[in-house]
Structure formats: C-alpha cells, structure tokens
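Chemist: Mind looking over this structure? Questions follow.
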Amino acid sequence: MKAYVELVRAPAALTVLGDTVAGSAAAGLKMTGRRLLLPLSSVAFYWAGMALNDWADRKLDAVERPERPIPSGRVSAGAALTTGAALTAAGLGLAALGGGRRAMRVAVPLAASVWAYDTVLKPTPAGPVAMAACRTLDVLLGAGDSPKKAATAAAAVGVHTLGVTALSTGEVHGANPATARAALATSCAATTLALTGPARGGWHRAASMAAGSGYAGLVGRAQADAVRDPSAKSVRSATKNGIHGMVPLQAAVTAKGSVLGAALVAAALPIARKLSRKVSPT
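Here's what the structure looks like:
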C-alpha cells in the first residue's frame, strides 16, 4: 500500500480538492449534495495522472529516480498503468454522479488531457501548456452551466500551473534562469487574476486579499530563490511550494464568493505540507 501511496503522490491530492470549489464559487453555485462528489472526481483524475506519469517515465526514472515505485520493483509497470486507467474511470464516474451531463462535457476532455500529457506531451515544449489545460478544465468542472463566470478563476489556476510545470523540468539537473523568471511572472499574473472581479462583500474581498497575499508569499519567495540560484535543489523547493501554493490560490478565488468555502479549502494546506514530509508531492 505504501508503494501505491507513493505512486499516486496521495497526499498531494489535497491541493486539487479546491479546484472545483473555486470554480463553483466563481460561478455562484453551492458545493452541496451530489456536487460534493466533484472534488473527489478531481482527486481521482490527479491520482490517475500521477500513476500514468510514473508509467510513462519508468525508463528515465530507472536512471534519475530509481527509488520510485516502478524502477525499485515495488510496483510493476502493468499495475501502474492499470491503476491509472481505473482511477480515470473512477474520476469520470464521480463527475457523472456529481454533475451529470454538464460535468461530463468537461470531465471527458479533462481525462483525455491527463492521458495526452503523461503519455505524449510531457517531454515536448507543449507539456506545460497541456498540464495547465488539465487544471483549467478541473476548475471549470465545478462551474456547471456557467463556465464563463468561472473563466477568470480557471485562468488563474491554469497560469499558475503553467509556470510551476515549466520550472519543474529542472528538478533533476537545474533550470535555465529565464525559465525561473518566467515562472515568477506567471505567479504574479495568477495573483492578479485571482483577485480580479467582484466580491460578495467587504469581508469576502478582505479574505480574498489575505489568501492571495499568502499565495504570493509562499510561491513567489521560492521562485525568486530559484531565479537567484536555479540549481536542482532550489527548483525542487520552488516546485514543491508551487504545488502547495495551489491551495491559497484556490482560497483567494473562492473567498470572493464564499468565505466559509475558502476557509475549508485553506485548511488543506497545513495537512498537505505535513504529509509531504512523508510522501514527496513531486
């Protein structure tokens, strides 16, 4: 079981729960009843992507990261592929139950994007864009019939993902300083997008600003360090903080529509950071 927890980076899925919550809040919808299955759908897709990532990278990992479950022999390549397929099916099923046909219009291309990224696009220049598309669609999964209302929220998460994914390519050998600077620029853009747009009231705006400041501090500081020192160690730290930074970014978006929802989303961060000491999110 521990090997499979490592395979899917299980604790890191806490950083994806807030995607559909943010999309729902931006669209003016409540995350209640059957719609509570949508965040679980996101988790299933995230875990599927991690399993497929390791399946696709198994030969490279044998050289660069032999401690991972597949090259270490703790999980077979076939079992990892089966895990990815089963979790994809679970994600689609949960989306159908939670949001019906409307959700499936987003869930099907989301699943296709996850597979395309891991099996084809990841090592190409289109890789970061494909990953950004996955997280953008995941936010829209929570928007129901109002994807246009959630467009800015989805863009904030997508832009952030673009920068983090591009920078993460330097986790083993270090990054180009220009890539680190570009990642920092995307975080600035994501902060602006997250705080843009109307809020229900003054407290909602204040909560959004607080979460946005937390995001900018957590992610921006680590990426600024990577700009100064683009070594593999700094890039890994920036990538880890970028993954965890999803949570305050989602909270900043959610707070404009629901302070309670934002608080629940933000509660995932300390748990995710604590568990990352046991299972790396990267």
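Here my numbering runs 18 ahead of the position in the sequence shown, where the first position is 1. In this text, a Cβ means the ideal position worked out from N, Cα and C, and glycines have one as well.
#1: Taking the straight line between their C-alpha atoms, what separation do you get for residue 39 and residue 269?
#2: Using 8 Å as the cut-off, can you tell me whether the region 209-224 makes contact with the region 244-251, which would need three or more C-beta pairs spanning the two stretches below that distance?
#3: Report yes if the C-beta distance between residue 124 and residue 70 is below 8 Å; otherwise report no.
#4: Would you say residue 283 and residue 91 are within 8 Å of each other, going by their C-beta atoms?
#5: Whole-angstrom Cβ separation of residue 112 and residue 65, contact assumed at under 8 Å?
#6: Hey, which unbroken runs of the beta strand (DSSP E) at 3 residues or more fall wholly within the region 152-225?
#7: Have a look at residue 177 and residue 255 and give me their C-alpha separation to the nearest angstrom.
#8: Where are the alpha helix (DSSP H) runs, 4 residues long or more, that stay fully inside the region 92-135, in chain order?
#9: Which residue's Cα is closest to the Cα of residue 44: 297, 63 and 157?
#10: Under 8 Å by Cβ, that's how I've got residue 302 and residue 116 pegged, so tell me the actual separation to the nearest angstrom.
#11: Using a Cβ-Cβ cut-off of 6 Å (strictly less than) and excluding sequence neighbours within five positions of residue 240, which residues of its own chain qualify?
#12: Does the CB of residue 193 have a neighbour CB from chain B at under 8 Å?
#13: Starting from the Cα of residue 163, find the closest Cα among 140, 47 and 293 and give me that residue.
#14: Find the nearest neighbour of residue 22 within the set 68, 60, 58 and 42, judged by alpha-carbon distance.
#15: Jot down the residue ranges of each uninterrupted beta strand (DSSP E) in the region 229-267, minimum 3 residues, whole runs only, in chain order.
#16: What residues in its chain sit with their C-beta under 8 Å from that of residue 201, if we drop five residues either side in the sequence?
#17: Going by the CB atoms, is the gap between residue 161 and residue 41 shorter than 8 Å?
#18: Check whether the Cβ atoms of residue 265 and residue 287 sit closer than 8 Å, and answer yes or no.
#19: Leaving out five residues on either side along the sequence, give the residues of the same chain with a beta carbon under 8 Å from the beta carbon of residue 79.
#20: Report the option in 223, 187 and 33 whose CA atom is closest to the CA atom of residue 153.
#21: Quick one, which of 170, 165, 139 and 175 has its alpha-carbon nearest residue 150's?
#22: I need the straight-line Cα distance from residue 93 to residue 136, nearest angstrom please.
#23: How would you label residue 24, buried or exposed, when you count the other beta carbons within 10 angstroms and need 16 or more for buried?
#24: Smallest Cα separation from residue 238: which of 148, 263 and 217?
Modeler: In terms of the structure at hand:
#1: Rounded to whole angstroms, the separation of the alpha carbons of residue 269 and residue 39 is 9 Å.
#2: No: the two stretches stay apart, fewer than three of their Cβ pairs being nearer than 8 Å.
#3: Taking 8 Å as the cut-off, the Cβ atoms of residue 124 and residue 70 do not count as close.
#4: Taking 8 Å as the Cβ cut-off, residue 283 and residue 91 do not qualify as a contacting pair.
#5: Between residue 65 and residue 112 the Cβ distance is about 12 Å, and since that is not below 8 Å, they are no contact.
#6: Taking only runs of at least 3 residues, no beta strand (DSSP E) segment lies wholly in the region 152-225.
#7: Going by the C-alpha atoms only, they are around 19 Å apart.
#8: DSSP runs (the alpha helix (DSSP H)) wholly in the region 92-135: 95-134.
#9: Measuring from the Cα of residue 44, the nearest candidate turns out to be 157.
#10: The requested residue 302 is not part of the displayed model; the chain covers only 19 to 300.
#11: Closer than 6 Å at Cβ, skipping near neighbours: 255, 256 and 259.
#12: The chain inventory of the structure shown lacks chain B, comprising one protein chain alone.
#13: Closest option to residue 163, Cα to Cα, is 47.
#14: When 68, 60, 58 and 42 are compared, the shortest CA-CA separation from residue 22 is found for 68.
#15: Counting only unbroken stretches of 3 or more residues, no beta strand (DSSP E) element lies wholly within the region 229-267.
#16: Excluding residues within five positions, the ones whose Cβ falls inside 8 Å are 181, 182, 184, 185, 241, 244, 256 and 260.
#17: For the 8 Å CB-CB criterion, residue 41 and residue 161 form a contact.
#18: It is a contact, given that the beta carbons lie within the stated cut-off.
#19: Closer than 8 Å at Cβ, skipping near neighbours: 72, 86, 88 and 89.
#20: Per the Cα distances, 33.
#21: Nearest to residue 150 by alpha-carbon distance, out of 170, 165, 139 and 175, is 175.
#22: Rounded to the nearest angstrom, the two C-alpha atoms are 18 Å apart.
#23: Buried, because 16 or more other Cβ atoms sit within 10 Å of the Cβ of residue 24.
#24: Residue nearest to residue 238 within the set 148, 263 and 217 is 263 (criterion: CA-CA distance).
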